[in-house]
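What follows is a short report on a single structure.
Number of protein chains: 4
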Amino acid sequence: MDPYAPAPSDHFTFGLWTVGNRGRDPFGLETRPPLDPVRAVHALAELGAYGVNFHDDDLVPPGSSAAERDAVVKRFRGALEATGLRVPMATTNLFSHPVFKDGAFTAHEPAVRRYALAKTLDAIDLGVSLGAEVYVLWGGREGVECDAAKDVASALDRYAEALNALCAYVRQQGYPLRFALEPKPNEPRGDLFLPTVGHALAFIERLEDPDLVGLNPEFAHETMSGLSFHHAVAQALWSGKLFHIDLNAQRIGKYDQDFRFGAEGVRDAFYLVKLLEDAGWPGMRHFDAHAYRGEDEAGVLDFARGCMRTYLILREKARRFHGDPEIQAALAEARAAALREPTLPAGPTRDALSALRSEAFDLDALAARGSGCERLDQLVNELLLGVR
Amino acid sequence: MDPYAPAPSDHFTFGLWTVGNRGRDPFGLETRPPLDPVRAVHALAELGAYGVNFHDDDLVPPGSSAAERDAVVKRFRGALEATGLRVPMATTNLFSHPVFKDGAFTAHEPAVRRYALAKTLDAIDLGVSLGAEVYVLWGGREGVECDAAKDVASALDRYAEALNALCAYVRQQGYPLRFALEPKPNEPRGDLFLPTVGHALAFIERLEDPDLVGLNPEFAHETMSGLSFHHAVAQALWSGKLFHIDLNAQRIGKYDQDFRFGAEGVRDAFYLVKLLEDAGWPGMRHFDAHAYRGEDEAGVLDFARGCMRTYLILREKARRFHGDPEIQAALAEARAAALREPTLPAGPTRDALSALRSEAFDLDALAARGSGCERLDQLVNELLLGVR
Amino acid sequence: MDPYAPAPSDHFTFGLWTVGNRGRDPFGLETRPPLDPVRAVHALAELGAYGVNFHDDDLVPPGSSAAERDAVVKRFRGALEATGLRVPMATTNLFSHPVFKDGAFTAHEPAVRRYALAKTLDAIDLGVSLGAEVYVLWGGREGVECDAAKDVASALDRYAEALNALCAYVRQQGYPLRFALEPKPNEPRGDLFLPTVGHALAFIERLEDPDLVGLNPEFAHETMSGLSFHHAVAQALWSGKLFHIDLNAQRIGKYDQDFRFGAEGVRDAFYLVKLLEDAGWPGMRHFDAHAYRGEDEAGVLDFARGCMRTYLILREKARRFHGDPEIQAALAEARAAALREPTLPAGPTRDALSALRSEAFDLDALAARGSGCERLDQLVNELLLGVR
Amino acid sequence: MDPYAPAPSDHFTFGLWTVGNRGRDPFGLETRPPLDPVRAVHALAELGAYGVNFHDDDLVPPGSSAAERDAVVKRFRGALEATGLRVPMATTNLFSHPVFKDGAFTAHEPAVRRYALAKTLDAIDLGVSLGAEVYVLWGGREGVECDAAKDVASALDRYAEALNALCAYVRQQGYPLRFALEPKPNEPRGDLFLPTVGHALAFIERLEDPDLVGLNPEFAHETMSGLSFHHAVAQALWSGKLFHIDLNAQRIGKYDQDFRFGAEGVRDAFYLVKLLEDAGWPGMRHFDAHAYRGEDEAGVLDFARGCMRTYLILREKARRFHGDPEIQAALAEARAAALREPTLPAGPTRDALSALRSEAFDLDALAARGSGCERLDQLVNELLLGVR
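Chains as they are written, first to last, in the numbering used here: chain A, 1 to 388; chain B, 389 to 776; chain C, 777 to 1164; chain D, 1165 to 1552.
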């Protein structure tokens, strides 16, 4: 039996836009035909996924009448019921239509901002009706190229105003829904607001209803800036704010690649998987990625399979990390557990601080002790490479 | 009269380590002799600076006896009094000595963490005794290369514990001192904790005494990751957390360069100066930079002069921005002021949200309107280039 | 009279695809209507441009019959004659159609490679018929995401084979045409072959007819990798291989931005302009850039005006650099001219090398001399900022 | 028996400066005591290395008298003889002493350039006397921060002059020595000349004796710019110019890290090893890396062991790549071998080019074929992860 075959209990989810990606890029036309959402649902179920997520426009073509929308949703719901696939998350497309060219919640024009809010309220209703418990907000056009044009403080005011309105709506409706902000540093705008996990975490603290809002960190987005995605997710977890996650692959300092999970940066991917699994994090393992542009439909399925298999391979390695006696000995040698000991066990009382200042430190001895990290790191590398 | 000659009222400050930088780098030995701190004070005063900042070790050589320290401090205080130069900020060197090779507040070894705290408490006393009102904390060694060795959540726990202890001490002593965290993404460690302004802002919210702690953003550090420094500082201001600032220059994706302010990224520097001046921000304009390694002492003075002159030139341009009729017309054409208008003037009441959803939006008309940013951006460029 | 108004004698050129860019990006639909090439010609002529360049598909819609093509070309030629605008360069679109998804000259499939060659031969005929003397080759799809799939040596063999065939054709036809390779590091592929000016220069030396092939360096492409564009162009000039140039603006480590010339990196732009002007380089000043996506047609014209104005402003500053007595004094102080003196005036004879080894060098004195670069750099900055 | 234990026949070499690195960095003092070169030789021999390389100053302390030098060399030679360790490569330190602060071969000051040449000639004699057949030239200070100060064409002239002189000397002496240029984009200078493998390859073609000069590409240096190291080395091999190689690890867009081989970018490392092994490249596998700063001497040995083990693990995987039937089937499906077929088997004759233009291409069919890269890439990932 294949130990790396995914099952719904693994909680893997994909967006309709991921397996449905048609391969268009800034320099080339579509290479793949459209993928019917119902067909996507069946394909994902056969592959062993747990759920499927969508932007409003992925499911309901923009401009549909109410009747058309209802028909589309009914057919989609039928596929979900037939397959058992769930919809754990939903989101809004606030970036494709030219009306959002100056942003959505931070557009100069108040009517654009109101339209963005209205579109999001509609999409929240749709998502909740299909069972979504997390609502992702990616501010893909909330940013600038010409810094003179947009005052950052005002933009953050408007961004917060929109979030406050969405939270108020969810409270008014009594929806069991939480929001997850997805940070990104740039592309398609020169600079985006809330560019990293940190900036978004900090922003949430200034909202009126911070408990309803958390993060949807994306591997590619944090990695584009050369920041450690594993560290960012760890800080989000430490802050109690990891509500959702976007898994994919990306090389530092390049265009947004959204490659198959593990296709680049497999070591970073390992530490991320280990973090989520060690923490027992209960959320969805969502893949926000797409197949290379050269693939046909078979390649798209290979892509989806590969995302899940790599996660499961890394999950198994994370388990073996804890059972590997040499790795555990190297951790002990590196004194890793000592970091959990408080520096001041009794707290920073006057006495404790005073005692500290008269303590005799043998700096030379402390400095001489080797960190043991070369050995530990090499052992982990060999675990990753499958030779231990 | 030179319109760009600095005066103490401009509140320019330098670190002892900046004009005293000796030009050592990873591949080369020192190119300049040591600079006596007293000589630095006199030189900075002659150049028109307002103040001088220091790490404990910059002023008092490590290993000094109490008597030696007192003699050094007395002589330094004499220079301050003779010149009128102030010490608005102080900080601790928690990175040069090998004892800190695994970090200071997040070192595995509790004794190293205690020593780091004790050294900081001593340095706080010294800084306060010389008038410092801001205490900068740069966690230059708080990070990792081998992710297996250091659990991020534990590291953040220890980092927060240290901050909580420092805040408790300042409260106990009744010192008029606030802390300013200085984020940096990497170097000298592979990945540093609190890598950006955002991550540090978010971290502060989890401390026991968040009011005492703010930010010391550095131009080079945020820029290394390709993030907009101007946006980061704007978010810090928006959060009420801009306590200090480090001005210098840096190219994206390179080693920590700490070049003369304006030497790279003059457009980013302009938007930063404009932001600080428009906000009437009352803090120090601190330069954390150093002369090119090839310079002699005369070059170091040229470097210091250049930092201040460029700030003053950009300040003048920021003023002219507001008085330039074509720029103001372009801003009006770009509808920049509309961003200050609330999206929902009455707030997100049920009625307001409901009304929003029945509002008719003319998407085509909204999408057709040009943003006017090419014209505006070009006008600002020409202001910067001095041809308007 | 406006000193920065462009004239045809300034030799500014634009691609049809630049002013005709419709604002589509990876996350959004077109924001601007199509621009008729004839209208583009008239608009560019009115703005003061010298010429217009095109990809085959920009002018002749793919799939046109011979009669349709002739009609399109005739109408376009009419506009050129009416306005006096020239076509100094032409190129082929080998990236938009899905057939090129695996590359053009380096596609696995020989039929794709043959089609790419045939399409290029047709486009060469078209370009030459309209007066083009330079033919640009941008290998936008010549690259990989999955390194296992494509052997680099074979890819370079095929790339060279294609270039050799194109050169043979031009020789056979007796066309007065030279080729210019346009390097790019990545996007739309994960890694592109010939990623920098250097790699392309080296590649040319392995071709059968290297004299016919040179470079078309692009500001954005070299800058994406954090490399100095000015240095790259200088090395191309030094190698006698600067056949064309693409001017625009870009931030390091980000997606391909193609901003208005000078919109980012104005200092790099200055050194580039100074290099071209000091060298008396006779080629076209071509802008391969496009307006921000938010602009309407008026904004597109502002964009085109801005490119040319910034070039002319920087050209004027480059002239003033040579006439500024303080800058010239600082150059003398920095001993800049000494770099033109040979190290071994008589060449590396046995005697000269032997003499060298017995020469007494006063290392301390040589090391003590300041480089004078802080002062020089600041003076140039002030020239750029228009305050001298 | 350990299948990954290194033996001299594996041709692994280390620099004295690598195992002897003392852990100093821009922000911290040395953490490790000096390592006696003789002790280094014995340690490397015990670890299974083939050879040891050095900068002149690594072996002979600067300022040594001729007698002191001879004593040092004699003792070192004794260790070589005792252990059987070889010295396949030597190089010059042209970057540590302040005299080189403005560069060595491209310094403004002719006396500095002459001193650099003289120092290199001495070091060549020393290297050759110990058996070196490759002489590496890393131009660590050949670059600028202030572009106004240094004319690039003149700098390239001087650089070429120096190379020409060194080649002349080697010819005069009849030494069996070839030169290998080591490119680097930046650090310790803002921009270095010959920043990539490509720029250096192109430069060599303009030298008087290009056959004597090739490349020493370094993993970290090419990777700093985000370029593919594997592609760069492949182009160097394709050009017949891979004379030496520097193996280590590095993250894109960061300071020069020189980590243990495979510590970052293990997938890039795999493709590199596969390239060298598939090509049967006969050169040394040289590690230009150093242990993390936190390590003690035991950690330094772990570091050296890890470099070699990882190479051998990847070499074994490269072999298995060729024998894995699923991978080979995926390569066939991806039509990888077709890239070796010429596009124009008969060459670019008039007839062949003419025939090409009348060939009927079924673009839709060609475009529809999937590339099969998702499947292939995933299989390689699983090979790397050791689960196949």
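The C-beta atom is built at its ideal place from N, Cα and C for all residues, glycine as well. None of these values were measured; they are calculated from a predicted model.
Shown here, residue 1010 of chain C sits in a helix according to DSSP, grouped into three states. Among the residues of chain C, those whose CB is under 8 Å from the CB of residue 1286 of chain D are 1133, following chain order. Scanning A:380, A:377, A:386 for the CA closest to the CA of residue 1545 of chain D turns up A:386. Around the beta carbon of residue 1338 of chain D, fewer than 16 other beta carbons lie within 10 angstroms, which makes this residue exposed. For residue 497 of chain B, the chain A residues whose Cβ falls inside 8 Å of its Cβ are 335, 338, 366, 369, in order along the chain. Residue burial is scored here from C-beta neighbours: residue 211 of chain A has fewer than 16 other C-beta atoms within 10 angstroms and is therefore classed as exposed.
DSSP places residue 777 of chain C in no alpha helix (DSSP H); its state is neither H nor E. Out of A:209, A:140, A:289, the CA that lies nearest to the CA of residue 192 of chain A is found in A:140. Residue-level contact check: residue 172 of chain A touches chain B, since one or more beta carbons of chain B fall below 8 Å from its beta carbon. Three or more beta-carbon pairs separated by less than 8 Å are not found between the region 229-240 of chain A and the region 653-660 of chain B, which leaves the two stretches without contact.
Not a single CB atom of chain A sits nearer than 8 Å to the CB of residue 1410 of chain D. The residues 1006, in chain order, have a CB closer than 7 Å to that of residue 1047 of chain C in the same chain once the five nearest residues on each side in sequence are set aside. Between residue 1082 of chain C and the set C:1068, C:1164, C:1104, the nearest pair of CA atoms involves C:1068. Excluding sequence positions up to five before and after residue 840 of chain C, its CB lies within less than 8 Å of the CB of 848, all in the same chain and listed in chain order.
At least one beta carbon of chain B lies nearer than 8 Å to the beta carbon of residue 342 of chain A. By the C-beta density criterion, residue 133 of chain A is buried, having at least 16 other C-beta atoms within 10 angstroms. A Cβ-Cβ contact shorter than 8 Å links residue 626 of chain B with residue 153 of chain A.
Around the Cβ of residue 184 of chain A, a 10 Å sphere holds 16 or more other Cβ atoms; the residue is buried. From the beta-carbon of residue 586 of chain B, the residues of chain A found nearer than 9 Å are 183, 194, 195, 196, 197, 198, 199, 200, 201, 202, 203. Fully enclosed alpha helix (DSSP H) runs of no fewer than 4 residues occupy 1316-1337 of the region 1312-1365 of chain D, in order along the chain. 8 Å or more divides the Cβ of residue 145 of chain A from the Cβ of residue 198 of chain A.
Flagged as an interface residue toward chain D: residue 378 of chain A, by a C-beta distance shorter than 8 Å. Counted as a single uninterrupted DSSP element, the alpha helix (DSSP H) harbouring residue 1152 of chain C occupies residues 1149-1160. Look at residue 466 of chain B here: in three-state DSSP terms it is helix. Residue pairing by DSSP puts residue 12 of chain A in a beta bridge opposite A:285. The Cβ atoms of residue 94 of chain A and residue 87 of chain A lie no closer than 8 Å to each other. Under a criterion of Cβ atoms nearer than 8 Å, the residues of chain A adjacent to residue 1418 of chain D are, in order, 226. In the structure shown, residue 1102 of chain C adopts helical secondary structure according to DSSP, grouped into three states. Residues of the region 75-102 of chain A with a C-beta less than 8 Å from any C-beta of chain C: 95, 96, 97, 98, 100, 101, 102, listed in chain order.
The Cβ of residue 626 of chain B sits closer than 8 Å to at least one Cβ of chain A. Contact annotation, residue 18 of chain A with residue 877 of chain C: C-beta distance approximately 19 Å; criterion of less than 8 Å not satisfied. Residue 330 of chain A is a Cβ neighbour of residue 379 of chain A, given a cutoff of 8 Å.
Contact annotation for residue 1149 of chain C against chain D: 1309, 1310, 1313 [CB-CB distance below 7 Å, chain order]. Excluding its 5 nearest sequence neighbours in each direction, residue 1482 of chain D has C-beta neighbours in its own chain below 8 Å: 1434, 1437, 1438, 1441, 1442, listed in chain order. In the three-state reduction of the DSSP assignment, residue 721 of chain B falls in the helix class.
Taking a contact to require three or more Cβ pairs closer than 8 Å, the region 811-819 of chain C and the region 737-756 of chain B do not qualify as touching.
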